[in-house]
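Protein chains in written order, with my numbering: chain H, 159 to 334; chain Y, 51 to 245; chain R, 1276 to 1396. Glycine is no exception: its CB is placed at the ideal position from the N, C-alpha and C atoms. Quantities reported herein were computed from a predicted structural model and do not represent experimental measurements.
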């Protein structure tokens, strides 16, 4: 019975895609809420970033990992993760430059007239959350692609997918 | 600081409720099942259930921040990454359902657990207003009293993590970043998704 | 009077919720193959959780947490059947055959079938 089904390529489920289309905006909003409101209510950057990353994982599960991989460029993931570390470090180093200590938020108040709270918000929103979201997405796609065997520049899950490596990436709209 | 020595209005210790007891048994069973089962897929599913139980536990113990982390990372992301890993590798197919118990290991772990259980009696009860933690104004009371004045955020957990312990958080964030880089190195890749 | 009706409705909801969850659990344990098990796990279980949360909504009354409970109700009604659909769909992709009335395979055979992905069917 199932011989022909095993031969035919996997088609993404209409039901799952519709559900994810319905759920993803809510979970993304929830993650952003935890992130931006984490200073005053339970939650925070780590939880918010993880839920934002998990939303991308959910989309990848519903619409296909390869399709999502096309959409989420490597530079986006790296910019999130590395940019988060850099932003965290910068927020910490600015007080040192103006004569304070590392991450001494009071210097922001004294020198720039910015409330200390915004220093905390900056490392939460610009630092930790992008790192967590970026690394969660990055780990997912890296593990989904698997171990890179010698000589291959791109190793996909099936031979038919591997053929697409020759197609130029100009098909992908450069929207970032 | 005189106010600081008065314990805040914390709930008095209560006997363990039926829900907590059931949850405790559930978490214990799933933990043992995670250790004992042979089938990797079953272990991942049971471990997700364990994480969910722990998340509810943290919520009951009034630690919603930890509960959210456990639910999102432990039950969500970790499960997905582990599932992907066994999808990319092999799933050993064996007749035995349970792991064989190693006698020496059981003795060592049992002794360690006995030592841990012996200390349980010394812990203050949950929500105990008389516990030592509340009479150490240099630490916990200080955060509760001055956290808002110092940092301007209402969530004390965020105030400690991003404010007082900001340097530690910087280290933690860098460790997460390093984990991503390390995975790329192990997989011999240069990109996470696609150039 | 209103309080009594409300309390009665809450108790009815919780009892119905427990009943459907029990039916679902028995079904998962007793039904022969993955497809029928998924059907009971999605339908009866969703209804059970739905009744339980409806009881919570009724007991909360009109206040802010009620909105969260109602949202939870909506999400359980949407996601639980989808999860069951995803499981059965992947089982079908794996080539596991559904159990029929004139199927003479025993429980053990079906379990072995699920293990090997239907290769020895």
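- Residues of chain Y whose Cβ lies closer than 7 Å to the Cβ of residue 212/H are, in chain order, 122, 126 and 127.
- Along the stretch 167-199 of chain H, the positions whose C-beta sits under 8 Å from a C-beta of chain Y are 192, 196, 197, 198 and 199, read in chain order.
- In the structure shown, residue 148/Y adopts extended strand secondary structure according to DSSP, grouped into three states.
- Contact check for residue 91/Y against residue 146/Y fails: the beta carbons are separated by 8 Å or more.
- Taking the C-beta atoms as reference points, residue 1320/R is found no nearer than 8 Å to residue 1334/R.
- Cβ-Cβ distances below 8 Å link residue 210/Y to 193 and 197 in the same chain, with the five nearest sequence neighbours on each side left out; the list follows chain order.
- The bridge partners DSSP lists for residue 78/Y come to none.
- Straight-line spacing of the CA atoms in residue 1366/R and residue 244/H works out to 45 Å.
- The closest CA to that of residue 1314/R, considering only 1291/R, 1285/R, 1325/R and 1302/R, is found on 1302/R.
- Secondary structure at residue 111/Y: coil, using DSSP grouped into helix, strand and coil.
- Contact check between the stretch 255-275 of chain H and the stretch 202-212 of chain H: fewer than three CB pairs, one atom from each, fall below 8 Å, which does not count as touching.
- Contact annotation, residue 220/H with residue 174/H: C-beta distance approximately 5 Å; criterion of less than 8 Å satisfied.
- In summary, residue 101/Y is buried, with 16 or more beta-carbon neighbours lying within 10 Å of its beta-carbon over all protein chains present.
- The beta carbon of residue 201/H is closer than 8 Å to those of 191, 192, 193 and 195 in its chain, skipping five residues each way along the sequence.
- By the rule that beta-carbons nearer than 8 Å mark a contact, residue 1357/R touches chain H.
- Neighbourhood of residue 1364/R in chain H, by CB distance below 9 Å: 171, 173 and 174, in chain order.
- Nearest C-alpha to residue 236/H among 286/H, 212/H, 292/H and 305/H: 292/H.
- Put simply, the CB of residue 239/H is near chain Y, with a gap under 8 Å to one of its CB atoms.
- In this structure residue 278/H is not in contact with residue 212/H, their Cβ atoms being roughly 24 Å apart against a cut-off of 8 Å.
- Here the alpha carbons of residue 284/H and residue 1293/R stand approximately 46 Å from one another.
- Proximity of residue 1376/R to chain H, defined by a Cβ-Cβ separation below 8 Å, is not satisfied.
- Beta-bridge analysis with DSSP links residue 87/Y to 148/Y.
- Straight-line measurement puts the Cα of residue 1295/R at about 14 Å from the Cα of residue 1355/R.
- In the displayed model, residue 213/H falls within a helix according to three-state DSSP.
- For the pair of segments examined, the stretch 221-234 of chain Y was found to touch the stretch 288-303 of chain H: the number of CB pairs separated by less than 8 Å reaches three.
- Three or more Cβ pairs closer than 8 Å define a contact, and the stretch 216-234 of chain H falls short of that threshold against the stretch 204-222 of chain Y.
- At a cut-off of 8 Å between C-beta atoms, residue 284/H does not count as an interface residue with respect to chain Y.
- Close CB contacts of residue 94/Y within its chain, under the 8 Å cut and outside five residues either way in sequence, are with 129, 132, 133 and 136 (chain order).
- In its chain, beyond the 5 residues on either side, 302 have a beta carbon closer than 6 Å to the beta carbon of residue 223/H.
- Secondary structure at residue 171/Y: coil, using DSSP grouped into helix, strand and coil.
- For residue 245/Y, the closest Cβ of chain H is nearer than 8 Å.
- The Cβ atoms of residue 122/Y and residue 209/H lie closer than 8 Å to each other.
- Assignment of residue 130/Y by DSSP, reduced to helix, strand and coil, places it in the helix class.
- Counting only Cβ-Cβ distances below 8 Å, residue 1360/R has contacts in chain H at 171, 173 and 174, in chain order.
- The DSSP-derived three-state label of residue 1276/R is coil.
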